[in-house]
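Chains as they are written, first to last, in this note's numbering: chain L, 28 to 231; chain Z, 1345 to 1642.
Glycine included, each C-beta is placed from N, C-alpha and C at the ideal position.
Following: one structure in C-alpha cells, then a few remarks.
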Amino acid sequence: MYAPRLPAVLFDLSRLHPRTVASLYSNLVTRPMGAAVRLVLEAQLAEIAGPCVSVLDFSQVRVMDYSCADEIVAKLLVRYRAPDRPADAYFVARGLREHHVEAVEAVLRHHSLLMVAEYEEGEARLLGTDDPVEHECWAALSSNERVDLLEFVASRGYHPEAADGVIRRFVSARVAVLFTEDGLCPVTRIGSINPAPERSGEDA
Amino acid sequence: MMQVITVPATLDDKGFEALVVETARACEAGGRAVVNARHLQWADPYGMVGLLAAGRQLRDVSGEEPAFEPPESSELMSYLTRMEFPRAAEGIFRLPAGITAARQPSGPSNVLLEITPIRSHDDVHGVIEHIQDRAGTILTEQLNYSPADAVPFSIMLSEVCQNIVEHAESGGWVGIQRYNWARRLGRQVVVIGVADLGIGFRGSLAREHAARFGDRWNDLTALQAAFLHGVTRFRDPGRGQGLKQIRARVHRWGGKVSIRSGTARVADLPEWDDSVAVQEGLAPFPGSQIQIVLPARV
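Below you can see the structure in the form of C-alpha cells.
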C-alpha cells in the first residue's frame, strides 16, 4: 500500500490565528517600494503567535511591476517556506487581475514557488506552474476540505511516486498542509475546517 | 579650437549613430563644442534622449556646456518644445535666447511622455503616475490595443526606467511619442527612448562576470549576457527578470527592442524591421541607450 514519504511536520489547527488580510494599494513599482511593503507585512506577521493564513489583497493595486512582485511576493514566500522562517505563516492572494497574475506568475516561476489565488467565484487557482499534473491535483484538492492521500492517489490514477512528488511540492511550497500522516488540506481551507480528532498536535 | 558637432537631419536610431561618431571625434579633439542642429528635420524620443546624452558627454569632457544651435524648422522646434526638450537640455547645453525651458501646458497631443529625467526610484514612480491615463488613451484609441494593455505598458516602462537607476549608477532620460510610420510600416507606432551615461552593461557586470568570459569579455558579450540570459551584477536571485519580461512583452506586441551599450548593440527584431540584430565595433559611447518600438495592432 502506498504511504507518502512526507516529513512528519503537521499543522496544528488548534493554534491557528484568524486570517489576516493585508490590503495593498496604488501602484506597486520599483524594488525599494516592494521591499518596504514586505517589511510592513513581516512586522505584522511577527506580532502573531502561532500559525496563520495571511491574505494578500491586490484588489486596490493598479500597477505591479516585476521588481515589486519579486520583492513582495517571491521574497515573502521564500522567507516563510525556509526552515528558519520567522513565523508559521501561509499566504493566499486575492483580488489579482490578469496583469497582476502575469507578474506574480513570472516571479513564482523564476524562484520555483507556488501560490494560490482566491477569486470571488470561489475558485482557488494555483499559480507558478504549467505542470498539468500539478494543476489537476490542485483542482481535486482545492474542491475538498480535506483529502485522504491514499484515496486521492488512487482516484487520480497516478503512480504513487508521481503523486508523492506533487504532494511534497504542495506541502513544501505551503499551498497545502498535512493534518495527519495521510490527511492533506488546501491552504485556502485551513481556516474553515474543524480540527480532526486524530490530529497529531505537532507544531508546523 | 571650437569643435562643431553636426546633428543629422533625421535623428532616430541611425541618426544617433552618426551623432555618436561626431561626439567621439569632438571629445577626442577636446576643447569647446557647438552642437549644430540647424538642419534637423525629424527626431524621435530615442534621438532626443541620445542628443541630451551626447551633450552631457561633451560637457563632462570639456568642462563646459556646448552651445546648441536649434533647428531652423519652426515645426520641429515646436515639437521639441512640446516634448520639453529645452527644459531637459538646461544645464547640458548653452541654449540661445528665446528658447523657453518652461514646462508646456499639456493638451491633446501625440506625446505620451515628455523628455523626463530619471535619477531615482521616485522619478520612476512619477513617470508611472503621470503616464497611465494618457498611455491608455493613445494605445486604445490610436493603436488598437485593448484597455487592459495600458497596465503592461506601464509595467514595461517601469522596468526600463529602473534599469537606469539600478544599473547605470547615473541619471538618464526617457521620452515617449506616437508617430505615423506611413511609409515605413503603414501603421502608427509608439517609440520609447531611454538613455543614460552610466557605466554601461560591461561596467555593471564586470566585477561579477568578466573573469569567466576571459578574453571574450567585451561590450557585446556583456550586453548579450544581460539581454539574452538575464545576467546581472546582483547576487539576489530575483534580479535579472526585467529585461526578459520587457523582451517577452514587446515580442507579444510585435514590436522591436534594441539596446546599445559601449560599442555594441543587440536587438529583438520583428519581421517588419530589417535592421541588424547584433552589431559591434560601433563608435564608443558611455552608458546604455534603449529603443522600443510598438506598432499599432492590426
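Would you call residue i buried or exposed, if buried means 16 or more other Cβ atoms sit within 10 Å of its Cβ?
i, result
"Ala1640(Z)", "buried"
"Ser1498(Z)", "buried"
"Ile217(L)", "buried"
"Asn221(L)", "Confidence at Asn221(L) is low in this model, with a pLDDT of 45, below 50, so its placement is unreliable and the value that follows should be read with caution. With fewer than 16 Cβ atoms within 10 Å of its Cβ, Asn221(L) is classed as exposed."
"Lys1358(Z)", "exposed"
"Ala223(L)", "Its pLDDT being 44, under 50, Ala223(L) is placed unreliably in this model, and the coordinates cannot settle the point."
"Phe1578(Z)", "exposed"
"Ala1569(Z)", "buried"
"Ala35(L)", "Only weak support is given to the placement of Ala35(L): the predicted model assigns it a pLDDT of 36, under 50, and the value that follows is read from those uncertain coordinates. It is exposed - the Cβ of Ala35(L) has fewer than 16 other Cβ atoms within 10 Å."
"Ser139(L)", "exposed"
"Ser1418(Z)", "exposed"
"Leu68(L)", "buried"
"Leu66(L)", "exposed"
"Ile1349(Z)", "buried"
Along the chain, where does the beta strand (DSSP E) that runs through residue i open and close?
i, result
"Ile1349(Z)", "1347-1350"
"Leu153(L)", "151-154"
"Leu1290(Z)", "Residue 1290(Z) is absent from the structure shown; chain Z starts at 1345 and stops at 1642."
"Arg1609(Z)", "1608-1612"
"Leu1457(Z)", "1455-1462"
"Arg121(L)", "116-121"
"Leu1638(Z)", "1629-1639"
"Leu141(L)", "First-last for Leu141(L): undefined, no H or E at that position."
"Leu211(L)", "210-213"
By the DSSP assignment, the alpha helix (DSSP H) with residue i in it spans what residues?
i, result
"Gly1496(Z)", "Looking at the sequence itself, residue 1496(Z) is Pro, so the reference to Gly does not match. Element bounds for Pro1496(Z): 1494-1507."
"Leu1572(Z)", "1563-1573"
"Tyr146(L)", "Element bounds for Tyr146(L): n/a, residue is neither H nor E."
"Val1471(Z)", "1465-1487"
"Tyr93(L)", "93-96"
"Trp1597(Z)", "Per DSSP, Trp1597(Z) belongs to no alpha helix (DSSP H) and is neither H nor E."
"Ala189(L)", "187-199"
"Trp1525(Z)", "Unbroken run through Trp1525(Z) is the beta strand (DSSP E), 1516-1525; no alpha helix (DSSP H)."
"Asp1617(Z)", "That residue, Asp1617(Z), is in no alpha helix (DSSP H); it is neither H nor E in DSSP."
"Thr1367(Z)", "1357-1373"
"Ser169(L)", "159-169"
"Val133(L)", "It is worth fixing the name first, because residue 133(L) is Ala in this sequence and not Val. From DSSP, the alpha helix (DSSP H) with Ala133(L) extends over 125-137."
"Val250(L)", "An answer regarding residue 250(L) cannot be provided, because it is not within the stretch 28 to 231 covered by chain L."
Closest by CA to residue i, which one among the options?
i, options, result
"Tyr1489(Z)", "Val1534(Z), Leu1572(Z), Asp1540(Z)", "Val1534(Z)"
"Gln1633(Z)", "Gly1374(Z), Gln1385(Z), Met1346(Z), Ala1397(Z)", "Ala1397(Z)"
"Lys102(L)", "Pro1614(Z), Ala1387(Z), Arg1583(Z), Gly1631(Z)", "Arg1583(Z)"
"Gly1391(Z)", "Tyr1423(Z), Leu1355(Z), Arg1438(Z)", "Leu1355(Z)"
"Ser50(L)", "Ser81(L), Ala76(L), Ala70(L)", "Ser81(L)"
"Lys1600(Z)", "Ser1502(Z), Asn1562(Z), Leu1529(Z), Arg1556(Z)", "Leu1529(Z)"
"Ala166(L)", "Phe197(L), Cys95(L), Val128(L), Val64(L)", "Phe197(L)"
"Arg1411(Z)", "Ser1418(Z), Leu1402(Z), Ser1417(Z), Glu1419(Z)", "The amino acid occupying residue 1411(Z) in the given sequence is Ala; Arg does not appear at that position. The candidate whose alpha carbon is nearest that of Ala1411(Z) is Leu1402(Z)."
"Leu1439(Z)", "Ala1377(Z), Ala1566(Z), Pro1496(Z)", "Ala1377(Z)"
"Met1345(Z)", "Leu1572(Z), Ala1373(Z), Arg1556(Z), Phe1557(Z)", "Ala1373(Z)"
"Leu154(L)", "Glu147(L), Asn171(L), Glu148(L), Ala130(L)", "Ala130(L)"
"Gln1347(Z)", "Ala1608(Z), Glu1409(Z), Asp1540(Z)", "Glu1409(Z)"
"Arg183(L)", "Val204(L), Pro159(L), His127(L)", "Pro159(L)"
"Ile1482(Z)", "Arg1426(Z), Asp1493(Z), Glu1473(Z)", "Asp1493(Z)"
"Gly1537(Z)", "Leu1487(Z), Ala1381(Z), Leu1638(Z), Trp1561(Z)", "Leu1638(Z)"
"Leu1587(Z)", "Thr1576(Z), Asp1580(Z), Pro1581(Z)", "Thr1576(Z)"
"Ser169(L)", "Ala63(L), Ala96(L), Thr215(L)", "Thr215(L)"
"Pro1496(Z)", "Val64(L), Leu55(L), Ala190(L)", "Leu55(L)"
"Leu1420(Z)", "Glu1434(Z), Ile1443(Z), Ala1370(Z)", "Ile1443(Z)"
"His126(L)", "Asp1540(Z), Val1351(Z), Val1504(Z), Pro1491(Z)", "Pro1491(Z)"
"Trp1525(Z)", "Asp1477(Z), Asp1467(Z), Trp1386(Z), Arg1556(Z)", "Trp1386(Z)"
"Val1504(Z)", "Ala1370(Z), Met1427(Z), Ile1636(Z)", "Ile1636(Z)"
"Met142(L)", "Ala73(L), Ile99(L), Asn171(L)", "Ile99(L)"
Using a threshold of 7 angstroms, is the CB atom of residue i nearer than that to any non-hydrogen atom of the ligand NAD?
i, result
"His1595(Z)", "Here there are no bound small molecules, and the ligand NAD is not part of this structure."
Quiz item: Are at least three pairs of beta-carbons, each pair with one atom in the segment 1365-1373 of chain Z and one in the segment 1618-1637 of chain Z, less than 8 angstroms apart?
Solution: In short, these stretches touch, since the Cβ pair count reaches three.
Quiz item: Below 8 angstroms, can you find three or more Cβ-Cβ pairs linking the segment 84-99 of chain L to the segment 115-125 of chain L?
Solution: Touching, yes, given that three or more Cβ pairs across the two stretches are closer than 8 angstroms.
Practice problem: Could you tell me whether the segment 1509-1525 of chain Z touches the segment 1451-1467 of chain Z, where touching means 3 or more Cβ pairs closer than 8 angstroms? | Solution: Contact holds: three or more Cβ-Cβ distances are below 8 angstroms.
Practice problem: At 4 residues or longer, and completely inside the segment 1377-1451 of chain Z: list those alpha helix (DSSP H) runs for me, N to C. | Solution: The segment 1377-1451 of chain Z contains these whole alpha helix (DSSP H) runs: 1389-1406, 1418-1426, 1429-1433.
Quiz item: Can at least three beta-carbon pairs, one atom from the segment 56-63 of chain L and one from the segment 1550-1559 of chain Z, be found at a separation below 8 angstroms?
Solution: Per the Cβ contact rule, the segment 56-63 of chain L is not in contact with the segment 1550-1559 of chain Z (fewer than 3 Cβ pairs under 8 angstroms).
Quiz item: Can at least three beta-carbon pairs, one atom from the segment 106-119 of chain L and one from the segment 1575-1594 of chain Z, be found at a separation below 8 angstroms?
Solution: In short, these stretches do not touch, since the Cβ pair count stays below three.
Self-check item: Completely contained beta strand (DSSP E) runs for the segment 54-96 of chain L, where each covers 3 or more residues
Solution: Counting only runs of 3 or more residues that sit fully inside the segment 54-96 of chain L, the beta strand (DSSP E) segments are 79-91, in chain order.
Quiz item: Are at least three pairs of beta-carbons, each pair with one atom in the segment 128-137 of chain L and one in the segment 1616-1623 of chain Z, less than 8 angstroms apart?
Solution: No, the segment 128-137 of chain L does not touch the segment 1616-1623 of chain Z.
Quiz prompt | Any 3 or more C-beta pairs closer than 8 angstroms across the segment 1462-1469 of chain Z and the segment 1504-1515 of chain Z | solution = When Cβ pairs closer than 8 angstroms are counted between the two stretches, the segment 1462-1469 of chain Z is seen to touch the segment 1504-1515 of chain Z, the count reaching three or more.
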